[in-house]
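Residue numbers (the numbering used here): 2 to 94. Built from N, CA and C at the ideal position, the CB exists for glycine as well. Just so you know, these numbers come straight off a predicted model, no measurement behind them. Data first, discussion second: the structure below is written as C-alpha cells.
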C-alpha cells in the first residue's frame with residue numbers, strides 16, 4: 002500500500018559536495034498541528050496567530066547546471082512513496 006502525504010516547499014538553498022560540484026537543495030515538509038491553549042486577545046482585539054510547525058519529509062539535490070527554477074518556496078505538492086521504493090512528486094491541484 003503506497004504512502005502519500007501533502008508537502009510544501011519550505012527551503013531552497015545552494016549546496017555543494019566535497020569535490021566542488023554545486024547543487025540546489027529543495028526541501029519539502031508537511032505541516033504539523035501544534036496544540037495550543039486559547040490565547041487572550043491582544044490590545045488591538047486581534048487574537049494571537051497560532052504557531053505553525055513543519056516536519057521535513059524529503060529533499061532533492063538538483064545539479065546547478067540543471068536548475069531552472071523548477072520549484073518555488075511555499076508551493077504545495079503531493080508526495081507518493083510506492084511499496085517498491087519508487088517516489089512520485091506531483092504538483093497539488
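One or two residues paired with residue i in a DSSP bridge
| i | result |
| --- | --- |
| residue 23 | 17 |
| residue 54 | 33 |
| residue 64 | 24 |
| residue 10 | 29 |
| residue 88 | 82 |
| residue 5 | 81 |
| residue 59 | 29 |
C-alpha gap between residue i and residue j, whole angstroms
| i | j | result |
| --- | --- | --- |
| residue 23 | residue 47 | 46 Å |
| residue 3 | residue 15 | 31 Å |
| residue 78 | residue 65 | 22 Å |
| residue 85 | residue 53 | 33 Å |
| residue 13 | residue 93 | 18 Å |
Integer-rounded CB distance, given that residue j should sit under 8 Å from residue i
| i | j | result |
| --- | --- | --- |
| residue 27 | residue 63 | 7 Å |
C-beta contact flag for residue i and residue j at 8 Å
| i | j | result |
| --- | --- | --- |
| residue 37 | residue 51 | yes |
| residue 30 | residue 8 | yes |
| residue 80 | residue 58 | yes |
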